[in-house]
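To keep things clear, I will list the structure first and then write my remarks on it.
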Amino acid sequence: MRPTPYHPTPYQLTSHNLLPLLTLLPALLLAPVVAQSQAQTAPALYKDAGQSPEARAADLLGRMTLAEKIGQMTQAERGNIKDSADIAKYGFGSILSGGGSVPEGNTPANWADMIDGYQKRALSTRLAIPLLYGVDAVHGHNNVQGAVLYPHNIGLGATRNADLVRRIGRATAEEVAATGAHWTFSPCLCVVRDIRWGRSYESFGERPELASLLSSEIDGYQATPGTGSSILATAKHFVGDGGTSYGSSINPEYLLDQGDTRLTEAQLRALHLPPFQAAVKKNVASVMVSFSSVGGLKMHADKKLITDVLKGELGFKGFVISDWAGLDQISPQYDLSVRTAVNAGIDMLMVPDNYPRFVQTLTDEVKAGRVSQARIDDAALRILIQKFRFGLFERPLTDRTLAAGFGSAAHRALARQAVRESLVLLKNSGVLPISKTVPRLLVTGSNADDLGNQLGGWSLTWQGRSGNSAVGTTIAAGIRAALGSASKVDVVAAASLNPATVKTYDVGVVVVGETPYAEGKGDRSALSLSPADAAAIRSVCTAIKCVVVTVSGRPVILTDQLSSMGALVAAWLPGSEGAGVADMLFGAQPFTGRLPVTWPKNMNQLPVGQPKDASAPLFAYGAGLDR
Ligand code: GLC
Numbered sequence: 169m170r171p172t173p174y175h176p177t178p179y180q181l182t183s184h185n186l187l188p189l190l191t192l193l194p195a196l197l198l199a200p201v202v203a204q205s206q207a208q209t210a211p212a213l214y215k216d217a218g219q220s221p222e223a224r225a226a227d228l229l230g231r232m233t234l235a236e237k238i239g240q241m242t243q244a245e246r247g248n249i250k251d252s253a254d255i256a257k258y259g260f261g262s263i264l265s266g267g268g269s270v271p272e273g274n275t276p277a278n279w280a281d282m283i284d285g286y287q288k289r290a291l292s293t294r295l296a297i298p299l300l301y302g303v304d305a306v307h308g309h310n311n312v313q314g315a316v317l318y319p320h321n322i323g324l325g326a327t328r329n330a331d332l333v334r335r336i337g338r339a340t341a342e343e344v345a346a347t348g349a350h351w352t353f354s355p356c357l358c359v360v361r362d363i364r365w366g367r368s369y370e371s372f373g374e375r376p377e378l379a380s381l382l383s384s385e386i387d388g389y390q391a392t393p394g395t396g397s398s399i400l401a402t403a404k405h406f407v408g409d410g411g412t413s414y415g416s417s418i419n420p421e422y423l424l425d426q427g428d429t430r431l432t433e434a435q436l437r438a439l440h441l442p443p444f445q446a447a448v449k450k451n452v453a454s455v456m457v458s459f460s461s462v463g464g465l466k467m468h469a470d471k472k473l474i475t476d477v478l479k480g481e482l483g484f485k486g487f488v489i490s491d492w493a494g495l496d497q498i499s500p501q502y503d504l505s506v507r508t509a510v511n512a513g514i515d516m517l518m519v520p521d522n523y524p525r526f527v528q529t530l531t532d533e534v535k536a537g538r539v540s541q542a543r544i545d546d547a548a549l550r551i552l553i554q555k556f557r558f559g560l561f562e563r564p565l566t567d568r569t570l571a572a573g574f575g576s577a578a579h580r581a582l583a584r585q586a587v588r589e590s591l592v593l594l595k596n597s598g599v600l601p602i603s604k605t606v607p608r609l610l611v612t613g614s615n616a617d618d619l620g621n622q623l624g625g626w627s628l629t630w631q632g633r634s635g636n637s638a639v640g641t642t643i644a645a646g647i648r649a650a651l652g653s654a655s656k657v658d659v660v661a662a663a664s665l666n667p668a669t670v671k672t673y674d675v676g677v678v679v680v681g682e683t684p685y686a687e688g689k690g691d692r693s694a695l696s697l698s699p700a701d702a703a704a705i706r707s708v709c710t711a712i713k714c715v716v717v718t719v720s721g722r723p724v725i726l727t728d729q730l731s732s733m734g735a736l737v738a739a740w741l742p743g744s745e746g747a748g749v750a751d752m753l754f755g756a757q758p759f760t761g762r763l764p765v766t767w768p769k770n771m772n773q774l775p776v777g778q779p780k781d782a783s784a785p786l787f788a789y790g791a792g793l794d795r
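Counting in the numbering used here, the sequence shown runs from 169 upward without gaps.
Put into structure tokens, the structure is as follows:
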């Protein structure tokens, strides 16, 4: 049955209802005046926290000058800010700490005071737009003394545990926010295809599905945007950084890092794009462009991949940031580099030291019509939306109550559990587990008692450093702490090993591996054990029952030594909680770690997928024993 159409009765003006109308007359006459004054006194929409981030950003953008918009697109490095007045003068969208760029004292309070100081200058500008402070918190808040440092990504890849990695992201966000920072340039979703690459340990592994799975770290970082301890995450480095060809680096000091990824589009999409699809689905706030090239074109200049694929096809709504002075690698002609990068779709430029030149050049490019106002508006809008989304306008300064959780026992326990799950047992002829009442235990090897070596790169400094300057527990200290007075534990430098003495021990633990490095400085043509480590294995494993533990950012070549080992455990770069390694040597739980990368017999078995020597590797991707 069709409904009866609604016909309202026409309003009849009579003596009964005229009087009430007359009383409304003054209000009706004053309405336009009141509306005008309300418009002037009502808070600007962008200041209304009840509005959506998109609406607030659009309102604010409409109030901004070109200079203010370009300021938002500029990220300076704290150590290179020539005059702190520049923070307000240029209206930086962001300031970063590069690896090891820390305030005097390097405590959480020093960080919070530094960042709040920058923020107050940003808030002194006409529109009081807060800045984002960014850091490389890539395995905990690794720049800061006393932070809990988790296993680097390659070890987390061995866990295959998405929820564990999410919890690590959450705990890390709490420590980052406790220092006043808002943004981490993490996770690296690179897919390492050649472990001669110095950034292999920043990868979760050689297959894209591992990085996609463990992009769960983003959920930890960005848990509840706009609340106290959620921070912006960064999916990096877009795209194909782990697939560069050996010898193709643009940097003469490097072999693979910042090189050229020579794959068909189909191969690139299959191997390196899926983790970014996963990150976009998780609403990652930012994506960092890679230094590397694809098919000879610098990623920093690649409009098709950045704008058409990442922003268009994948629907990325956050903002794209360049890598450290990556802009400068596009062309020797600076203005060409600037307009190419911005027109390719990069929204914020990490210009660690030459921000005045960048700002002036981009301004000139816009005025000359070589960069459109629409492109500037799109970039600034994307940045502002994330600032509103993460509550920076409501809470621009550090929440000092978070300091209590910095370096907490709970975070250390989480890190220790991550270490346990990251270890991969590759051989065991009954030597493991070691009894907790073993009478005489020998511990030796270059990485047995060196916290810096087990932390690896990106730890207090960019490159990391050997020695015990950080806060944490070495593997040897963890072993000592695990045993009681029934056991005698001797930690002996490999160079001091005496064959006669070695024979007096029941078991030997030989911890070998690499010293710290980061990025291209870790590119290697060979991955052999050091002569000292090979000698330590020989001295111990030919004399008594031995367990070899590798502490390294990637597999090392130990084919010749394998037969002498009673057991072999890959511990990757376990971070500050070395006791987690001891836990596993004494049988705290079954080994659940599985290889995230292929372990080659020799260097001719690299890169994965295109080796010269296609015979079986020493251990295959996914290998690992339970006990
Ligand atoms: C570095 C790295 C990048 C890092 C950035 C800021 O060169 O390539 O991963 O986030 O600079 O430190």
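Glycine residues also receive a C-beta, built at the ideal position from the N, C-alpha and C atoms.
What you are looking at is a predicted structure, and each value in this text was computed from that prediction instead of being measured.
Relative to ligand 1, the beta carbon of Asp-216 is positioned no closer than 7 Å to any heavy atom.
At least one heavy atom of ligand 1 lies closer than 7 Å to the C-beta of Trp-492. Of all alpha-carbon atoms in Asn-321, Ala-694 and Pro-271, the one lying nearest the alpha-carbon of Gly-247 is that of Pro-271. The residue from Ala-438, Thr-641, Lys-479 and Trp-365 with its alpha-carbon nearest to that of Ala-686 is Trp-365. Runs of the beta strand (DSSP E) spanning 3 or more residues and lying entirely within the segment 255–297 occur at 262–265, in chain order. Counting along the chain, the unbroken alpha helix (DSSP H) around Thr-340 starts and ends at 330–346. One thing to note: Leu-741 has its Cβ no nearer than 8 Å to the Cβ of Leu-591.
Taking 3 residues as the shortest admissible run, the segment 620–690 contains the following complete beta strand (DSSP E) segments, listed from N- to C-terminal end: 656–659 and 675–681. Beta-bridge pairing by DSSP links Arg-608 to Lys-656.
Ranked by Cα distance from Ala-330, the options Asn-311, Pro-355, Arg-633 and Glu-342 are led by Pro-355. Around the beta carbon of Pro-768, a 10 Å sphere encloses 16 or more other beta carbons of the protein chains shown; the residue is thus reported as buried.
Look at Met-516: its beta carbon is at least 7 Å from all of the heavy atoms in ligand 1.
At a cut-off of 4 residues, the continuous stretches assigned as alpha helix (DSSP H) that sit fully inside the segment 467–532 are 502–512. Sixteen is the threshold: when 16 or more other Cβ atoms of the shown chains lie within 10 Å of the Cβ of Thr-766, as they do, the residue is buried. Cβ atoms of Gly-676 and Ile-647 stay farther apart than 8 Å, at about 12 Å. DSSP, read as helix, strand or coil, puts Glu-745 in strand.
In this structure, ligand 1 has a non-hydrogen atom nearer than 7 Å to the beta-carbon of Asp-304. When C-alpha distances from Thr-531 are compared across Ala-577, Tyr-318, Met-241 and His-307, the shortest belongs to Met-241.
With respect to the C-alpha of Met-518, the residue from Val-457, Ala-700, Arg-507 and Ser-461 having the closest C-alpha is Val-457. Taking C-alpha positions only, Asp-545 is separated from Leu-229 by approximately 7 Å. In the same chain as Glu-562, and ignoring 5 residues on each side of it, the C-beta atoms closer than 7 Å to its own belong to Ala-217, in chain order. The beta carbon of Gly-308 is closer than 6 Å to those of Ala-315, Val-316, Leu-317, Tyr-318 and Thr-340 in its chain, skipping five residues each way along the sequence.
Annotation: the continuous beta strand (DSSP E) that includes Tyr-301 extends over 300–303.
Taking Asn-770 as the centre and dropping the five residues before and after it, the same chain places the C-beta of Ile-725, Thr-727 and Asp-781 closer than 8 Å to its C-beta, in chain order.
Contact fails between the segment 391–400 and the segment 368–383, because fewer than three Cβ pairs, one in each stretch, are under 8 Å apart.
Annotated as proximal: Pro-764 and Gly-325, with beta-carbon spacing under 8 Å. Relative to the non-hydrogen atoms of ligand 1, the Cβ of Glu-687 comes within a distance shorter than 7 Å of at least one. Leu-695 sits in coil when the DSSP states are folded into three classes, being neither helix nor strand. Assignment of Asp-425 by DSSP, reduced to helix, strand and coil, places it in the coil class. Taking 3 residues as the minimum length, the beta strand (DSSP E) runs contained wholly in the segment 426–465 are 454–457, in order along the chain. Secondary-structure assignment with DSSP links Asn-596 through a beta bridge to Ala-735. Pairing Leu-473 with Val-534 gives a Cβ-Cβ distance that is not under 8 Å. Distances from the alpha-carbon of Gly-239 to those of Ala-223, Gly-266 and Leu-300 put Leu-300 closest. Classified as buried, Thr-683 has 16 or more neighbouring CB atoms from the shown chains inside 10 Å of its CB. In this structure, Ala-583 places its C-beta atom within 8 Å of the C-beta atom of Glu-745. Nearest to Asp-567 by alpha-carbon distance, out of Ala-280, Val-737 and Thr-233, is Ala-280.
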